Amino acid sequence: MNSSQSIRVLTVDDHPLLREGISGVVNAQPGMTVVAEASDGDEAILSFRTHLPDITLMDLRLPKTSGIEAIVTIRKEFPAARIIVLTTYAGDVQALRAFKSGASGYLLKSMLRAELIDTIRRVHAGQRRIPPEIAAEMAEHAGDDILSAREIEVLRHVAAGNSNKIIASNLTLSEHTVKGHIKNILSKLGASDRTHAVMIALRRGFLDMG
Numbered sequence: 001m002n003s004s005q006s007i008r009v010l011t012v013d014d015h016p017l018l019r020e021g022i023s024g025v026v027n028a029q030p031g032m033t034v035v036a037e038a039s040d041g042d043e044a045i046l047s048f049r050t051h052l053p054d055i056t057l058m059d060l061r062l063p064k065t066s067g068i069e070a071i072v073t074i075r076k077e078f079p080a081a082r083i084i085v086l087t088t089y090a091g092d093v094q095a096l097r098a099f100k101s102g103a104s105g106y107l108l109k110s111m112l113r114a115e116l117i118d119t120i121r122r123v124h125a126g127q128r129r130i131p132p133e134i135a136a137e138m139a140e141h142a143g144d145d146i147l148s149a150r151e152i153e154v155l156r157h158v159a160a161g162n163s164n165k166i167i168a169s170n171l172t173l174s175e176h177t178v179k180g181h182i183k184n185i186l187s188k189l190g191a192s193d194r195t196h197a198v199m200i201a202l203r204r205g206f207l208d209m210g
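Oh and the sequence shown: position 132 is 132 in UniProt numbering, straight run, nothing missing.
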């Protein structure tokens, strides 16, 4: 990491206007500068290797390599990398995934104007940063049973409006097995029906809102 006074920032997002806005805010701060921008996960990894920024602002939803995959790759090569996730979604599952991947901070895009600079400074100082409402939701669900990869796959098909018969055919399962998965999903999520399960899964980040 660069030891100079200025905090050197890499910003990663597939929306040029958002990158431009972030760069404007960061570059306006004394002792803080954007050294590079990237529009997908592959670019993020290459930019990190090239510039070795002090702080990386990483969107999770990126073309090619996802934000999570990029964080894992960067942290594997550079264990001291300090990465702040920027996301639209407040789900506890997604936040937990980000921190397990090696993120040091988690910030909702709706909070950028108020919290971005303070979050960069805190994470640069070695602190972790997570919005209180997301921390509370993570704590609330800490003891919950996590959906398995297969259950998430089934739920993704449910979200697409597929019947049990079609889901069974698509996943090469019996209808009985699909029904069993859906029963488990409803139980784990505390959902009253399939639609409710999808809504909860989207909110918490089990399913991508893409």
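Using N, Cα and C, we set each Cβ at its ideal position, and we do this for glycine too. Owing to the predicted nature of the structure, the values given are computational and were not obtained by experimental measurement.
Exercise. Taking buried to mean at least 16 other C-beta atoms within 10 Å of its own C-beta, is A197 buried or exposed?
Worked result: buried
For this session: Using DSSP bridges, identify the partner residues of D59.
Result: L86
For this session: Just the C-alpha distance for G126 and G31, rounded to the nearest angstrom, thanks.
Result: 17 Å
For this session: Could you tell me whether the region 48 to 61 touches the region 3 to 17, where touching means 3 or more Cβ pairs closer than 8 Å?
Result: yes
For this session: Enumerate in chain order the residues of its own chain whose CB-to-CB distance from N184 is below 7 Å, with the five nearest sequence positions on each side excluded.
Result: Cβ neighbours of N184 beyond the five flanking positions: E151.
Problem set entry | Start and end residues, beta strand (DSSP E) containing G205 | Here G205 belongs to no beta strand (DSSP E), and DSSP marks it neither H nor E.
Exercise. Given a threshold of 16 other Cβ atoms within 10 Å of its Cβ, counted over all protein chains shown, does L17 qualify as buried or as exposed?
Worked result: exposed
Problem set entry | Terminal residues of the beta strand (DSSP E) in which L17 lies | Element bounds for L17: not the beta strand (DSSP E) but the alpha helix (DSSP H), 16 to 27.
For this session: Report the residue from D54, G21, G41, D42 whose alpha carbon sits nearest the alpha carbon of V35.
Result: D54
Problem set entry | Distance CB(G102)-CB(R75) smaller than 8 Å | Yes; because the gap between Cβ atoms is below 8 Å, this pair is in contact.
Exercise. Is the Cβ-Cβ distance between L147 and F206 less than 8 Å?
Worked result: For the pair L147 and F206, the CB atoms are nearer than the 8 Å cut-off.
Exercise. CB-CB under 7 Å to E175, same chain, minus the five flanking residues each way: which ones, in chain order?
Worked result: Within the same chain, E175 has close Cβ partners N164, K165, A168.
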